[in-house]
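Q: Residue numbers (our numbering): 2 to 130. Beta carbons: idealized from backbone N, C-alpha and C, even for Gly. The structure displayed is predicted, hence computed values, not measured ones. I have a structure I would like to understand better, so I am pasting it below and will then ask my questions one at a time.
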C-alpha cells in the first residue's frame with residue numbers, strides 16, 4: 002500500500018506487516034484511522050478502509066474541491082492539526098456537515114474534516130447523488 006504525504010508529496014510504502022501492525026493498533030485503540038508518519042515530519046491520517054481495502058458505505062453525498070489546495074484537519078476548526086490535504090477537482094465522500102452559521106465543514110472520514118465554506122470563501126462544492 003502507498004500513502005502520499007499531503008505536505009511534501011513523498012510516497013510512503015507500507016508492506017503487509019506494516020498494514021497489519023497499523024490495523025492492530027487501530028483495533029487496540031478502538032479507532033478507524035491510523036497516522037502514517039512521513040520523513041518530512043508530518044503525519045498522514047489514513048482511514049481503516051484505505052488500509053484494509055474496504056470501501057466506505059455510500060452516503061450519496063460527495064464534495065468536489067474548488068480551490069487550488071485545501072487542508073484537512075482533525076476537527077471542524079482551523080486551530081486543529083492538519084492531517085491531510087486535498088487538491089483542485091478532487092472528489093471525496095461526505096459523511097456529515099457542520100456549521101456555526103458562518104463557516105461550513107464536511108467530515109470526509111474518521112477524524113478528518115475539510116472546510117466547505119470558510120470566511121465567505123467557497124472551497125468545496127457539495128454534490129448530491
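Among 123, 115, 4, which has the Cα closest to the Cα of residue 54?
A: Numbered from 1 along the chain shown, position 53 holds the residue referred to as residue 54. It is 4.
Q: Look at the Cβ atom of residue 117, then the Cβ atom of residue 105, and state whether they are nearer than 8 Å.
A: Within the chain shown, numbered from 1, the residue matching residue 117 stands at position 116. Within the chain shown, numbered from 1, the residue matching residue 105 stands at position 104. Yes, the Cβ-Cβ distance between residue 117 and residue 105 is below 8 Å.
Q: Mapping the DSSP letters down to three states, classify residue 103 as helix, strand or coil.
A: Your numbering for residue 103 matches position 102 in the chain shown. It is coil, neither helix nor strand.
Q: Please return the same chain residues whose Cβ sits closer than 6 Å to the Cβ of residue 89, not counting the five positions on each side in sequence.
A: Counted from its first residue, the chain shown places residue 89 at position 88. Result list for residue 89: 66, 69, in chain order.
Q: Could you spell out where the alpha helix (DSSP H) holding residue 49 opens and where it closes?
A: By 1-based counting over the chain shown, the position of residue 49 is 48. From DSSP, the alpha helix (DSSP H) with residue 49 extends over 49-53.
Q: Since residue 2 and residue 24 should fall inside the 8 Å C-beta cutoff, what is the C-beta to C-beta distance between them, to a whole number of angstroms?
A: Taking the chain shown and counting its residues from 1, one reaches residue 2 at position 1. Taking the chain shown and counting its residues from 1, one reaches residue 24 at position 23. Their Cβ separation, rounded to whole angstroms, is 11 Å, which puts residue 2 and residue 24 out of contact at 8 Å.
Q: Whole-angstrom Cβ separation of residue 71 and residue 115, contact assumed at under 8 Å?
A: Stepping through the chain shown from its first residue, residue 71 is reached at position 70. Stepping through the chain shown from its first residue, residue 115 is reached at position 114. Rounded, the Cβ-Cβ distance is 6 Å, consistent with contact.
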